[in-house]
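Residue numbers (our numbering), protein chains in the order written: chain D, 1 to 484; chain C, 1001 to 1305. From the three backbone atoms N, C-alpha and C, an ideal C-beta is built for every residue, glycine too. Because the structure is a prediction, the values reported are computed rather than measured.
Structure follows, in structure tokens:
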């Protein structure tokens, strides 16, 4: 006999996990299904990790509403979840007469959007704030509320809090078929069939494919690729604020920013692509990014590159987010959440909960007392585990054995080295694993082997009886079978 | 605060040889700080022959040389699993160990942190970010320390000494690399090495560049560029060898003046700061373990003078 959920969220990116958290905390019985081996394996894997005020978002858009609500909730809950905030502020820098002229419109849009603390900076003020900036910078617009956050710990904390409130997360669970039985959704996955009253499609880069399971999609995902170059840590002290370009008609342009891990990065590019996973970088573009960064911040020429990566944003043909409830189909669509998703995720969750209340049933007025699930801090500027001792295994990022072992266990253990990296920073530093990769993976695999982990769906009740053998099959075997 | 006459950062061939020579010269209070769980440095995972103490070449394997060094320095104060996090503004050291973080000071500090190969990122090699791309350092640790066999048909990139050392590691695994991509290098090994590689059955392609790495979950192919043309070569791993860079973590933030990618040095091993010295491969050129030991001995002489 299979268990019945109130809500099934499809997709464990930052948006899906924030939605899962919101419903679980409201006391609903929830499950989230993830196609990848671990959470955050799609669009949420690679972004610029900024907390935006929404100063440059389209006025009156749903995107703006969700960003500002998400921004406020993040600041409200972050200490209880031990999530970091690097208060950098941002500067929209103008490098030509044309760009200087455009600052006024940007400033007035910011005020329209309720971001009232923006301030124009003269060339002198710009130089005082950012002495390392190239002399060709002409003027700027200061946006004090823009900050840097941890792109992976935040969604991990949302997931863990959802789990603490009784939610289930099932990975390696791509939906292969969906149908309705007495009104309830039946979602078939390689891990078994899940039944739920209402489905939330937060499938990101595969949003249109998942939408097609229920009806003709009103949108098409056109992935937009962004490549990034990350400089070594000495670069971080060359810049205080996030440096934003004046956007052109065509693109928002590349941003130069500090990361929460103590580096400095430039990106993203905006390239149309057919890739939906495993975004690729290319040397010519990376070289251009590096050159552009040096042009803006000349002292970067002596700093080596620590990492390169590419992310994919699930853009659609619509300018705004596509968030809709389909009442007859017990279905909520959450699509087209582009680069602002990290900021807006908590706000999107609030909005989706409202849609649910309006169309599918009342949420309890009085929420159960929240259980807080603080996550280990990975931010460079705050207290980290190595400071109390322990054995350092990753020497560039100062990651301890204890952190690696902890990440391989618990209610949502890392399932691959990518997941381990996102939970600990191990091998993310300047040597990119030259010294420690062998040691890190041996340590990780040892804990995994000892804890006898199987698939996430370790509860027989969830599955129809004839499928009960399948979740006992180790992940590796399941993979092998799929590959064949 | 803990104070010593000399603190040596790094327990590889140059650091250990410096410590040994100092103690033989009668300097009592010398401490070596080594972040790995055992001293010996890079030779610990170079399982092939070619090493000798204080000599350029010999018939010892790397692990044997590392063991020799540990034996010789057995009675010295060598602290393993101890990481120097950074220099403080005053030039003291912030030091991490299992017990926590302490500050240490010394009359003289020797930087012997060695060198490492440039990563894929530092080389800006595009393509997919997947498993199966490694430096020689990672490969040798996987093979000689963990006993793994990480691939069946790798492509080796590079034409330096270490590139051929990678080839030897592959031979020990009974793996025949698909090809060696002989990128141009200022530190290229002599031409007859190419001939040797070909005798072993590995195709050496010169004047080509690795343009991209492709695959879904792990490496499936590489794209190489030669005479303006691209072609795809199937393989299951990429070993990026050579292009050694001074391990600069402790001084790159501007603590020491630099020259290129290494600290600025005098003939007497002095850095831009008084009483801070550097020795061995941290100086930015790749030398054999034996030569690093000779340098350590030389530095000890300078320090005692």
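DSSP places residue 35 of chain D in the coil class of the three-state scheme, outside both helix and strand. The Cβ atoms of residue 1224 of chain C and residue 283 of chain D do not sit closer than 9 Å to each other. Within the segment 1077 to 1142 of chain C, the runs of alpha helix (DSSP H) at least 4 residues long that lie entirely inside it are, in chain order, 1136 to 1140. Shown here, residue 1218 of chain C sits in a strand according to DSSP, grouped into three states. Distance from residue 405 of chain D to residue 1098 of chain C at the Cβ level is roughly 15 Å; contact not present, criterion being Cβ atoms closer than 8 Å. Residue pairing by DSSP places residue 363 of chain D in no beta bridge whatsoever. In summary, residue 369 of chain D is exposed, with fewer than 16 beta-carbon neighbours lying within 10 Å of its beta-carbon over all protein chains present. According to the DSSP assignment, residue 421 of chain D belongs to the alpha helix (DSSP H) that extends over 417 to 424. C-alpha of residue 1101 of chain C to C-alpha of residue 62 of chain D: approximately 48 Å in a straight line.
In the displayed model, residue 1235 of chain C falls within coil according to three-state DSSP, outside both helix and strand.
With contacts defined by Cβ atoms closer than 9 Å, residue 1128 of chain C and residue 47 of chain D do not form a contacting pair.
By the Cβ test, the segment 1021 to 1032 of chain C is not in contact with the segment 1136 to 1153 of chain C, since fewer than three Cβ pairs between them sit closer than 8 Å. For the options C:1299, C:1276, C:1261, C:1275, the alpha carbon positioned closest to that of residue 1286 of chain C is the one of C:1261. Residue 95 of chain D sits in coil when the DSSP states are folded into three classes, being neither helix nor strand. Note on geometry: alpha-carbon atoms of residue 1076 of chain C and residue 415 of chain D lie some 43 Å from one another. Between residue 451 of chain D and residue 413 of chain D, the CB-CB gap stays under 9 Å. In this structure, residue 239 of chain D keeps its C-beta atom at 9 Å or more from the C-beta atom of residue 149 of chain D. In the DSSP assignment, residue 1246 of chain C falls within the beta strand (DSSP E) that extends over 1244 to 1246.
When the alpha-carbon of residue 374 of chain D is set against those of D:185, D:28, D:79, the nearest one is in D:79. Counting other Cβ atoms within 10 Å of its Cβ, residue 215 of chain D stays below 16 and is therefore classed as exposed. Beta-bridge partners assigned by DSSP to residue 8 of chain D: D:31, D:199.
Straight-line spacing of the CA atoms in residue 118 of chain D and residue 293 of chain D works out to 24 Å. Runs of the beta strand (DSSP E) lying entirely within the segment 200 to 252 of chain D, each at least 3 residues long, are 222 to 231, 242 to 245 in chain order.
Against residue 132 of chain D, chain C offers no close residue; the least beta-carbon distance is about 12 Å (beta-carbon pairs closer than 9 Å). The C-alpha of residue 92 of chain D is placed about 11 Å away from the C-alpha of residue 104 of chain D. From the beta-carbon of residue 1173 of chain C, no residue of chain D is found nearer than 7 Å; the closest lies around 14 Å away. Remark: three or more beta-carbon pairs, one from each stretch, lie closer than 8 Å, so the segment 1154 to 1167 of chain C and the segment 1189 to 1207 of chain C are flagged as touching. Its chain contains 1009, 1033, 1093, 1095 as the residues whose beta carbon lies nearer than 6 Å to that of residue 1084 of chain C, once the 5 sequence neighbours on both sides are disregarded; these appear in chain order. Bounds of the beta strand (DSSP E) holding residue 324 of chain D are 322 to 326.
For the pair residue 189 of chain D and residue 25 of chain D, the Cα-to-Cα distance works out to about 25 Å. Judged by DSSP secondary structure, residue 1291 of chain C falls within the alpha helix (DSSP H) whose first and last residues are 1289 to 1304. Considering only D:217, D:164, D:73, the residue with the shortest C-alpha distance to residue 317 of chain D is D:217. Residue 322 of chain D is not a Cβ neighbour of residue 8 of chain D, given a cutoff of 9 Å.
For the segment 418 to 436 of chain D, residues whose beta-carbon sits nearer than 8 Å to a beta-carbon of chain C comprise 430, 431, 432, 433, 434, 435. Beta bridge pairing from DSSP links residue 170 of chain D with D:33. According to the DSSP assignment, residue 288 of chain D belongs to the alpha helix (DSSP H) that extends over 283 to 296.
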